[in-house]
Amino acid sequence: MLASCADNSENQYWEGNESTVVVTRVAGFDGSGQTLEGENEVTDMQACLFEGGIMTKAYKNLQVAGDTYRLQVDGLGGNLYMLANASGVIDLELLQSENISEADWLKSVYKTDGTGKTRSFFTGMLTLNAARQDVGAQVMTLKRGVARFDIVINVAGAAKLEKFTLTKVAQSAYLFPQDGVQSPSGVTRRDTTLTFPFALTQDTPGVLYVYEQENPGMEIRVEVSFDGGEVKTLTKRLDAALKRNAVYTVTVSKDHIDIVVKPVFEEWEPGDNIEITPSVG
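Per our numbering, the very first residue in the sequence shown carries number 1354; after that it's consecutive.
Listed below in structure tokens is the structure:
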């Protein structure tokens, strides 16, 4: 049994039963990567428990208490998983009825909605440990399953960025991290182009969100003009896979583009630098 509990002094847990209290948290960003308004929004929360490699319990529509989810789970062992913003994509009750194994669960796939829009989702896992019951609630950290692209304009004069394209974008991803960055077999890919009704003239975070994915020759293209001149197309073939939990900062200058990669949502951490060279469009 699992329940969501208001975080106040009147809340009492079940007595006489062995149970585990779990508190979830969503960590802030580290370094220069900062959380944008709405990025931590959770529309729905689900949880499931695996014991002996089989899903034994599924919980839906969990309620928030303040800015956390405080849960009590009967029993002192097993692996507890939580996932946010997966309603209508992942049906835990169906998976439980099918006696899904934990190995198959970890291969679950999260897909874009019918519009092709990348939905931000969060996942976490905690191994429940009876030995830790005397230290209070066990904490599960939820991590974002997508990567974010920010644009920084670094020019002495004026710049107008009119279009941003990322090619060969995967339309689905594994719900949980795999051994190295992987994409589901047969994943659908398409180019994603953002055309700005009003050209970007200043730094703009969160212009695009994509799923973690392998890189089959993906490329960034930016169409930009400087000081009222002709539009140039700056391009760069990405050298590495796109990681979940990562911010990609695209810095545009008159001569080139730099891309700085920072792993995301539990923390934004330092990553690789990628340089883009221009060609005249």
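Backbone N, C-alpha and C define an ideal beta-carbon position, used for all residues, glycine too.
Beta-carbon gap between residue i and residue j smaller than 8 Å
| i | j | result |
| --- | --- | --- |
| residue 1431 | residue 1495 | no |
| residue 1399 | residue 1413 | yes |
| residue 1564 | residue 1498 | yes |
| residue 1601 | residue 1610 | no |
| residue 1454 | residue 1407 | yes |
| residue 1579 | residue 1534 | no |
| residue 1636 | residue 1500 | Nothing about residue 1636 can be reported from this structure: the residues present for the chain run from 1354 to 1634 only. |
| residue 1591 | residue 1605 | no |
Straight-line Cα distance separating residue j from residue i
| i | j | result |
| --- | --- | --- |
| residue 1438 | residue 1472 | 8 Å |
| residue 1582 | residue 1524 | 36 Å |
| residue 1447 | residue 1542 | 28 Å |
| residue 1614 | residue 1599 | 7 Å |
| residue 1306 | residue 1571 | Only positions 1354 to 1634 of the chain appear in this structure, which leaves residue 1306 out of reach. |
| residue 1529 | residue 1566 | 12 Å |
| residue 1444 | residue 1436 | 11 Å |
| residue 1513 | residue 1552 | 5 Å |
| residue 1397 | residue 1536 | 25 Å |
Local Cβ density within 10 Å of residue i, reported as buried at 16 or more and exposed below that
| i | result |
| --- | --- |
| residue 1569 | exposed |
| residue 1416 | exposed |
| residue 1561 | buried |
| residue 1550 | exposed |
| residue 1492 | exposed |
| residue 1389 | exposed |
| residue 1538 | exposed |
| residue 1450 | exposed |
Own chain residues within Cβ distance below 8 Å of residue i, not counting five before or after
| i | result |
| --- | --- |
| residue 1544 | 1518, 1519, 1520, 1521 and 1522 |
| residue 1547 | 1516, 1517, 1518, 1560 and 1561 |
| residue 1456 | 1406 |
| residue 1511 | 1554, 1579, 1580 and 1581 |
| residue 1452 | 1407 and 1408 |
Check: At a cut of 8 Å, does the segment 1498-1513 reach the segment 1542-1557 through at least three beta carbon pairs?
Finding: Contact holds between the segment 1498-1513 and the segment 1542-1557, because three or more Cβ pairs, one in each stretch, are under 8 Å apart.
Check: If we count Cβ pairs, one from each stretch, closer than 8 Å, do we get three or more for the segment 1451-1470 versus the segment 1515-1531?
Finding: Contact between the segment 1451-1470 and the segment 1515-1531 is present: 3 or more CB-CB pairs across the two stretches fall below 8 Å.
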